[in-house]
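Chains as they are written, first to last, in this note's numbering: chain D, 14 to 205; chain Y, 87 to 651.
C-beta: ideal position from N, C-alpha, C; glycine also.
Since the structure comes first, as structure tokens, the remarks are kept for the end.
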Ligand SMILES: Cc1cc2nc3c(=O)[nH]c(=O)nc-3n(C[C@H](O)[C@H](O)[C@H](O)COP(=O)(O)OP(=O)(O)OC[C@H]3O[C@@H](n4cnc5c(N)ncnc54)[C@H](O)[C@@H]3O)c2cc1C
Ligand code: SF4
């Protein structure tokens, strides 16, 4: 697929953009989402999550099946408004990849992918006034990248691999030791 | 309803206790131990210790969507879902099934099951003192408590010795010490804050919370394993609940009949004897209506439910509700506020950490209005509850930027030390803060919905401002950075310490109960849940309900023996 026609094929998805508030936007953030919209992004979400928490000397998000967590939370626990925000974010990411590199995000090489996600992170940084962000998040939902990262973190840190290898997990601590010297390479506790 | 003579015998007990939560469990145990055949009525299902704690041993990854409640669930249960997670949802009621009317926003958190909210409570246990028992009298608010600390002191000891409370002795007049097990330990940031407070404000102190968590094996329970998963029910019996403690002890006497699925809809009055003769119950499994009879009745349905039950029990003697000659039932509803406080980050002690999950934080006992001369713009006081910890992933995800290897490294290593603390403040008894049944709206059992009309007032708001300021200052003096004071402005009910709708007092014209929690107008009815409270003090209240219940049980038993009831 050449750059032009690929662009065209994803253009329909990119609904929200950064347009100011309008009736259209209100409609678009309240439209009904079907679970399949998330499930079809299975692979993409797995890659994105892995980019946020990659495999290092400990497992990354992909091995910990974090994308399944993200989809479960999105489908069952998230308001329609936030679901749409998230779907729109994915579309925006795909559209950006298409515009910049003329191909699907998943076909991009690691450096290109990184540049795309960086751009999304930049778009999420919001207003420099905290209060505006709060209001904005309340009306429109959390910016895509922040929501994606939040879910990735939650999903990873509560997964079996993430909790027991990425972090330190103590199933039944027994004792409480209030002040102990920190060990070299100490990982944080998985649970509070 | 017709009840045959045979049934009438089966339906007759020495004592009936309504509600099996913290106070009802205590009433049942005390009465059973005295040899009385006791019927414990509970509207919810049975919850057996150990057997019915389905989530207690689950790992974080056993929850498909983590600790997030589903959207459907949040829509059906807007109030309760703000308190529960998938890990302990089964110990809260469903708002959809058990609606109430919020005249003004009020979170009425409930657990309808054997054990009530003893399964989900925070276990903080503090005694009241004469500063609290004399407060109404001194500043002319509400009515005077009919008891003083000396009346309750031995009963506090009695309750603590049974449930097991860990804590540190501090020798304070206004927050008396108890019978404590070894305290839990403060961590290094908490100790640091404590040292700074001692140095800068010598009349204040920071101590470890006093909690009904066992630091050693006790009465076949515990010790606590420091998992901090208490609201799921404890497989080690590491904390006090009716299920782990009072109900098994009552059962062991052979005198207890526990009847779950039994909503008490009315207390029945015997016009001739001028006493309660029993209760009417709807069996929620069969929808049948039963009556049960007893010589004495203990009402422990929890503050708001108790007020509703009394107001719904009308007869020609009591057209305005059972024992409501004073017109006070349902009024003077109180709840602590716990919205205001401060948060800060500390850049030292980075070589220190901890192991284990201590199931409690610290306490800074009340330091306001302890002495008559203090000139503050509010009455009464607050204590500060909080905890110190190092930032972990939940906090760090908000505070670090980017993604990739660096992000992961930051996320999975301990962050700086932080302290969060907030004031648990006294709420004055306002006549207009009240509960009333609305007969035009009924629940699925045909019972009128309760309407709750409650707000915090000027005194509470001024106190919150003071909490913000003093908390932030204590953090500042201890070298914390990025200090943020806050006021979450949570609505009433959010601290889950409802009290005061059937208050104690000396005068039957202005109060519902006498100094032994006995109804002024029906001598064989005792109310020992939070509705009896004459003022709220600022301490977490449940230990006081336990002490009052044990004391009232003893009194009721003696009166019965003397033929006075
Ligand atoms: C998350 C949380 C944290 C808390 N933390 C603390 C704390 O740290 N310290 C503290 O002191 N307190 C704390 N509390 C408050 C404490 O739980 C209550 O004060 C205490 O449980 C009240 O005891 P109770 O016996 O009055 O009522 P409950 O324990 O609520 O029990 C009432 C019982 O009566 C039953 N019932 C109600 N109506 C009827 C009826 N008509 N017929 C039959 N049965 C009926 C209910 O189903 C229930 O089982 C906390 C509460 C919660 C939820
Ligand atoms: S922290 Fe202690 S009391 Fe709480 S659940 Fe764990 S073992 Fe039980």
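Not flagged as an interface residue toward chain Y: residue 79(D), since no C-beta distance is shorter than 8 Å. Annotation for residue 184(Y): 196, 198 and 529 place their beta carbon closer than 8 Å to its own, counting only its chain and skipping 5 residues before and after.
A check of alpha carbon separations from residue 111(D) across 199(D), 191(D), 134(D) and 125(D) identifies 125(D) as the nearest. Counting along the chain, the unbroken alpha helix (DSSP H) around residue 286(Y) starts and ends at 274-286. In the DSSP assignment, residue 351(Y) falls within the unbroken beta strand (DSSP E) covering 348-356.
Ranked by how close their Cα comes to the Cα of residue 204(Y), the residues 389(Y), 327(Y), 391(Y) and 486(Y) have 327(Y) in first place.
Counting of Cβ neighbours within 10 angstroms places residue 190(Y) among the exposed residues, the total staying below 16. Fully contained in the region 104-170 of chain Y are the following alpha helix (DSSP H) runs of length 4 or more, in chain order: 108-119 and 157-162. In this structure residue 106(Y) is buried. Its beta-carbon is surrounded by 16 or more other beta-carbon atoms within 10 angstroms. For residue 49(D), there are no C-beta contacts with chain Y under 7 Å, since the nearest C-beta of that chain is about 17 Å from it. Distances from the CB of residue 324(Y) to the heavy atoms of ligand 2 include at least one below 7 Å. Within chain D, the C-beta atoms nearer than 8 Å to that of residue 274(Y) come from 191 and 192, in chain order. No heavy atom of ligand 2 is found nearer than 7 Å to the CB of residue 211(Y). Interface residue (Cβ-Cβ distance to chain D less than 8 Å): residue 642(Y) is not classified as such. Under the rule that a run must span 3 or more residues, the beta strand (DSSP E) segments found entirely inside the region 311-347 of chain Y read 342-345. The three-state reading of DSSP puts residue 128(D) in helix, counting H, G and I together. At a cut-off of 8 Å, the C-beta of residue 82(D) has a neighbouring C-beta in chain Y.
From the beta-carbon of residue 90(D), the residues of chain Y found nearer than 7 Å are 151, 154, 155, 156 and 157.
For residue 523(Y), the enclosing beta strand (DSSP E) has its first and last residue at 520-528. In summary, the residues of the region 104-137 of chain D whose CB is separated from some CB of chain Y by less than 9 Å are 127, 130, 131 and 134, in the order they occur in the chain. Identification of chain Y residues near residue 52(D) by a Cβ-Cβ cut-off of 8 Å yields none; the smallest Cβ-Cβ distance measures about 15 Å. Assigned with DSSP and collapsed to three states, residue 535(Y) falls in strand. Scanning the region 33-78 of chain D for uninterrupted beta strand (DSSP E) segments of 3 residues or longer gives nothing; none is fully contained. Think of a sphere of 7 Å around the beta carbon of residue 270(Y): the chain D residues whose beta carbon falls inside it are 189, in chain order.
Selection 308(Y), 341(Y) and 492(Y) evaluated against residue 325(Y) yields 308(Y) as nearest (Cα-Cα).
At a cut-off of 8 Å between beta-carbon atoms, residue 433(Y) makes no contact with chain D. Around the beta carbon of residue 581(Y), a 10 Å sphere encloses 16 or more other beta carbons of the protein chains shown; the residue is thus reported as buried.
At a beta-carbon threshold of 9 Å, the residues of chain D lying near residue 437(Y) are 194 and 195, ordered along the chain. Residue 637(Y): member of the alpha helix (DSSP H) spanning 628-647, first to last residue.
Sixteen is the threshold: since fewer than 16 other Cβ atoms of the shown chains lie within 10 Å of the Cβ of residue 96(Y), the residue is exposed. Contact annotation, residue 121(Y) with residue 341(Y): C-beta distance approximately 7 Å; criterion of less than 8 Å satisfied. Contact between the region 532-548 of chain Y and the region 463-472 of chain Y is present, with at least three C-beta pairs closer than 8 Å.
Nearest neighbour of residue 260(Y) by Cα position, chosen from 158(Y), 218(Y), 233(Y) and 537(Y), turns out to be 218(Y). Interface with chain Y (8 Å Cβ-Cβ cutoff): residue 179(D) is included.
Contact annotation for residue 186(D) against chain Y: 311, 312, 313, 441, 442 and 443 [CB-CB distance below 7 Å, chain order]. Under DSSP, the beta-bridge partners assigned to residue 567(Y) are 431(Y).
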